[in-house]
């Protein structure tokens, strides 16, 4: 009797364990492969809207890609180039304007909850002036695409060679929240580097260095 | 072929020591299986890792001039000593990470010494005072100001005591501060003192100043005890000048007469050992040989024909020679002035009308200050540490402790600040505004590369506040500057008009004040500033403690140098602990030293250096060399007061962490020398191409490096440059004793000859980047491989640490990380170069030929669509070399500097007979002596 109960309990436990473990086993991957990483960010910034719908070039915000190793995350001051004037969705602004017309008053400034976070970070008052009584709070974004510390990836030669950003970062312009698409491991890098021995990319020959010291030093 | 040796032991028994295998390091089978099992488990666990959610925090408002991830430079002035060389502070993301030479600076012309480059580590020193101290308790600036104002209210006799201040603004602020008091005086002293030179010029020229020397204009240089390539007045500037004449076309002739073996002496064409007590006698003889009327004299202690030959050379080079002297006696310096005047050198090779302000100390004023101390109301100590610096420091301490007000501006708790009522820490030089006029007509600015990291305040601001006029250092400097301010900030320097002082030579009354007696019997003590520590102001810098001394190659200590004969007479060997009067020191046998001389470096034994007891890895067999409260080395300056010197063997041994026999090339042909005449005849024999190795593919570039041994002085600036650039760790004394120092460049120092004839050669050796690299063929995991540009790459993340490569390297230039030699101090980690990986335990490393700099230049060239220009890539060692001895470039470019050097008849490569085809080459050292011949190679 007891033995039967134990057997059943063990079997059930085994089945449950299998159910719990199988997805994890299937999800096992090589060390360092973080493809699919899609963390929540402090501000629900939409690349689909900015890059896809509004067609803002990648390098407008990520100008570091041409000037530095890091493409970088734009400074809040770069966001403010537009968001000084744009503080909410057009539909919300229209709705407020119509409501104001009905109620015979001046329309209020509508600020979406996400853009409000930007103003809080910069400690701006409703008139877009710096409110000195409040501290500024830098925005802590979660880094998605990163290579290990012993790899020195540099954006500049890749941009100079005419590579499109999507080649490594995937179709960011379709993503509401950015997700890592590629594995970013060495095999993936080298597969591309090996093919670039002077082949024409965007009208000029691209040469990729396959020496170890191109990335490791 | 000359018989080169690196130490006395090697001369007597030419066997290099090897690492001792005492059998304790064996791993048994069980342990091996346990570890193997654990490793597999660890790999399995690590495979399940999730991405580390690193935060990326962009600027809120982006500054225009900073691009994240991109280095930029700020032109400034070095404050490592009073010479004030021009520097470029390389910063990344607002954080200074390296000091490089400013190539346009009129004095230092791109050179920076080891000390200057190590200054950047001091910025991130966690033991730097972070707030003012009032009565030894942490306080705030307002309380300090109230306290000082209260104490100064009734003060009459106020003294400011400082080391040389080459800054016009600081001096003006001090004068304004002192003008309020009935008897306010500013007293300056230097350690070591150059007061005698100034005093002598006051007598002969009516100007109390040190002349500006021009070694580049002198064809014949005679230096008596002046270490002008090492530590004397402005060594970087002098090295630039001296090395510009070390070529076949205009080789200068340099004689050094000295008691100890100095860096300058080791580079001289002729070296003569003298008893320093006979400097006056020798100078009198020299003056007489040059035709000055002199009374009858005691004969010279050596064959007078030697000095006559020197005098002949000097006479033949009228107006083209230079005699310098490091003596502290005014009589000696008067003789030097007379000699230089007779040789027509004033206005040609030394200039007193536009003098140097790098040494302004006055020993006379200092004596008066100490005599006046009991009646002094307030003493302010700026940029010096009298209780430690002065030979009578203990007495000074007693006097200071009774004063009503003592204020210091020290950045660390030091010997003097112990007695101070208020300690007002000054900014680090990389955080402060300052100006300098090191030489008349040359104005230089110091500008901050970073905001003050701690709650410190510029000394000028403190003084200005107490004078009643608030003023920031920036305003004080800018308001006094008349020229183009923006251009000066960009360049780091400006030319200013020179006020002519109308000096004229006014001979001292005959007979000459020469010395006319034999040297007293017994030992003479020579106290010299160590190349790295100077007067002790850099005692908190771990890089400098671990920098091998250019001559003795000892790290982490000071020691008593004895000549081989004296050591033999007293039965003393290297590392024996001896007692010199009341100080116990390890002994070091120093070839080329005078038998009557015992030489000891000052600058050691500073309080607070017990912090270094913690440096080095923690493991079972780790030994500490410092008991709590014990200092690194010993303070010895008080020995200057002692008339008689006695040495007593204690019978104990001390561990001298010397690197001179480490990484031996097993006595194979190391350095080569040639004469200007022979250099034109020799031709480099191209090595045969046949061998075991496949012929190298010729890539787009072929990087190569060459070191001119005629120019290299062995100053070791490149060692620190490399350390700062490549994140080379400090390992501590215990690890150095185990031959585990990590410097990527070592400077081999070879002696040849004995007694009076010791000559020295310095040879920097880093990875030679062999074309047929022996390390590459033995690496089982392909962690060291060849690049298409001819470099030997070490790939840290692939290395598993077999050390086969190290064993197979004929040059012994590979370094193994036995431990994670990380900085204990997380604050100090801010100095790390983000462009170079920090290596972890079990990984081999070596000179990478600054591959990060090559990549940077390659990427920039690619962006511009242009080829990399010759000279666009500068190695860290090359950039700041004070002697311009290192050249790097592309051999595929026939017009590059390196291609020209490769075709120089003096060019050779180390161990060429091995046919490893190194990319690094050397230019043979040039010497005047006829005995230097091309050594015969075997095979």
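Protein chains in written order, with this note's numbering: chain A, 20 to 236; chain B, 4 to 942. Each residue gets a CB set at the ideal place from its N, CA and C atoms; glycine is no exception. A quick note: this is a predicted structure, and the numbers were derived from the prediction, not measured.
Return the CA-CA distance between residue i and residue j, expressed in angstroms with no decimal places.
i	j	result
residue 190 of chain B	residue 379 of chain B	13 angstroms
residue 225 of chain A	residue 867 of chain B	14 angstroms
residue 140 of chain A	residue 59 of chain A	18 angstroms
residue 884 of chain B	residue 201 of chain B	30 angstroms
residue 896 of chain B	residue 865 of chain B	17 angstroms
residue 364 of chain B	residue 194 of chain B	9 angstroms
residue 688 of chain B	residue 356 of chain B	Note that residue 688 of chain B has pLDDT 49, beneath the 50 cutoff, so the model's placement of it is unreliable and the number below is only indicative. Their Cα atoms are separated by approximately 51 angstroms.
residue 408 of chain B	residue 383 of chain B	8 angstroms
residue 368 of chain B	residue 389 of chain B	14 angstroms
residue 103 of chain A	residue 119 of chain A	22 angstroms
residue 856 of chain B	residue 874 of chain B	12 angstroms
residue 567 of chain B	residue 847 of chain B	38 angstroms
residue 951 of chain B	residue 737 of chain B	Residue coverage of chain B in this structure runs from 4 to 942, which leaves residue 951 of chain B outside it and unanswerable.
residue 235 of chain A	residue 171 of chain A	6 angstroms
residue 236 of chain B	residue 531 of chain B	13 angstroms
residue 942 of chain B	residue 201 of chain A	In this predicted model, residue 942 of chain B has a pLDDT of only 31, less than 50, meaning its place in the structure is not dependable; the value taken from the coordinates is given anyway. Cα to Cα, the separation comes out at about 56 angstroms.
With distances taken Cα to Cα, identify the nearest neighbour of residue i among the options.
i	options	result
residue 92 of chain A	A:26, A:157, A:171, A:212	A:157
residue 211 of chain B	B:159, B:361, B:525, B:658	B:361
residue 768 of chain B	B:708, B:6, B:778	B:708
residue 197 of chain B	B:322, B:746, B:166, B:897	B:166
residue 442 of chain B	B:500, B:476, B:579	B:500
residue 785 of chain B	B:805, B:770, B:773, B:58	B:805
residue 338 of chain B	B:311, B:662, B:293	B:293
residue 139 of chain B	B:856, B:731, B:647, B:410	B:410
residue 64 of chain A	A:209, A:182, A:108	A:108
residue 605 of chain B	B:639, B:858, B:84, B:235	B:639
residue 538 of chain B	B:231, B:391, B:623	B:391
residue 797 of chain B	B:823, B:745, B:854	B:854
residue 308 of chain B	B:82, B:808, B:285, B:264	B:285
residue 415 of chain B	B:406, B:405, B:427	B:427
How would you list, in chain order, the residues of chain A whose beta-carbon sits under 8 angstroms from the beta-carbon of residue i?
i	result
residue 72 of chain B	83, 87, 88, 89, 91
residue 61 of chain B	91, 92, 93, 94, 95, 157, 158, 160
residue 944 of chain B	Absent from the structure is residue 944 of chain B, since the part of chain B shown begins at 4 and ends at 942.
residue 728 of chain B	The premise fails here: residue 728 of chain B is roughly 11 angstroms from chain A at the closest Cβ pair, so nothing lies under 8 angstroms.
residue 858 of chain B	171, 173, 232, 233, 236
Closer than 7 angstroms by beta-carbon distance: list the chain B residues that pair up with residue i, in chain order.
i	result
residue 165 of chain A	57
residue 168 of chain A	840
Interface residues of chain A around residue i at Cβ under 9 angstroms?
i	result
residue 865 of chain B	175, 176, 179, 180, 226
residue 501 of chain B	Within 9 angstroms Cβ-Cβ: nothing; residue 501 of chain B doesn't reach chain A, min ~43 angstroms.
residue 794 of chain B	230, 232
residue 791 of chain B	228, 229, 230
For residue i, go through chain B and note every residue whose CB falls closer than 8 angstroms to its CB, in chain order.
i	result
residue 70 of chain A	Going along chain B, no residue has its Cβ under 8 angstroms from residue 70 of chain A, so there is no contact; the nearest lies around 17 angstroms.
Leaving out the 5 sequence neighbours to the left and right, which residues in its chain are closer than 6 angstroms to residue i when beta-carbon positions are compared?
i	result
residue 113 of chain B	104, 106
Could you pull out every residue in the same chain whose Cβ sits closer than 8 angstroms to the Cβ of residue i, ignoring the five residues on either side in sequence?
i	result
residue 321 of chain B	346, 347
residue 645 of chain B	528, 584
residue 295 of chain B	341, 342, 345, 515
residue 7 of chain B	673, 674, 753, 754, 755, 764
Note down, in chain order, every chain B residue with its Cβ under 9 angstroms from the Cβ of residue i.
i	result
residue 140 of chain A	63
Beta-carbon within less than 7 angstroms of residue i's beta-carbon, same chain only, minus the 5 sequence neighbours each way: which residues are those?
i	result
residue 98 of chain A	137
residue 618 of chain B	545, 733, 735, 827
residue 160 of chain A	60, 61, 92
Along chain A, in chain order, which residues have C-beta atoms closer than 7 angstroms to that of residue i?
i	result
residue 854 of chain B	232, 236
residue 862 of chain B	173, 175, 176
Cβ pair count under 8 angstroms reaching 3, the region 295-308 of chain B against the region 251-265 of chain B: no
The region 93-112 of chain B / the region 444-456 of chain B touching (three or more Cβ pairs under 8 angstroms): yes
contact_flag[the region 211-231 of chain B, the region 872-888 of chain B] where n(CB pairs < 8 angstroms) is 3 or more: no
At least three beta-carbon pairs within less than 8 angstroms, the region 190-197 of chain A to the region 66-73 of chain A: yes
Cβ pair count under 8 angstroms reaching 3, the region 907-927 of chain B against the region 262-278 of chain B: no
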